[in-house]
Amino acid sequence: MCAGYLAQGLSPLAAAKKACETGNTIANILTKKKRGSPGRTGHFLASDLARELENLSSGKV
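Each residue of the sequence shown is one higher than the one before, counting from 173 in the numbering used here.
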C-alpha cells in the first residue's frame, strides 16, 4: 500500500501514515466480520486483506 501511495506522489512519511490508516481500517472491518468465527478472530490472510481493500476502494464497504 505504501508503494501505491508513493506512486501517487505522496511524501514517504505521508505515504506511510496513509498506508497505516488504510491497514487499520481494513483490520477493523475484518475483526468485526470474523467475530463469532471460532479460531479465526484476529488472524487474517493476505487474501482477506486484498479482498477488503478492493471492497473499500470500490465503495462496497
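Beta carbons: idealized from backbone N, C-alpha and C, even for Gly.
Everything numeric in this text was worked out from a predicted model, so none of it was measured.
Cβ separation of residue i and residue j, assumed to be a contact under 8 Å, to the nearest whole Å
i: Thr203; j: Met173; result: Actually they are not in contact, since the Cβ atoms of Thr203 and Met173 sit about 18 Å apart, beyond 8 Å.
i: Leu178; j: Thr197; result: Between Thr197 and Leu178 the Cβ distance is about 19 Å, and since that is not below 8 Å, they are no contact.
C-beta contact flag for residue i and residue j at 9 Å
i: Ala187; j: Ala199; result: no
i: Lys206; j: His215; result: yes
i: Ile201; j: Glu224; result: yes
Segment limits, alpha helix (DSSP H) that includes residue i
i: Gly231; result: Segment: none, Gly231 is in no alpha helix (DSSP H) and carries neither H nor E.
i: Leu178; result: Cys174 to Ala179
i: Leu185; result: Pro184 to Lys206
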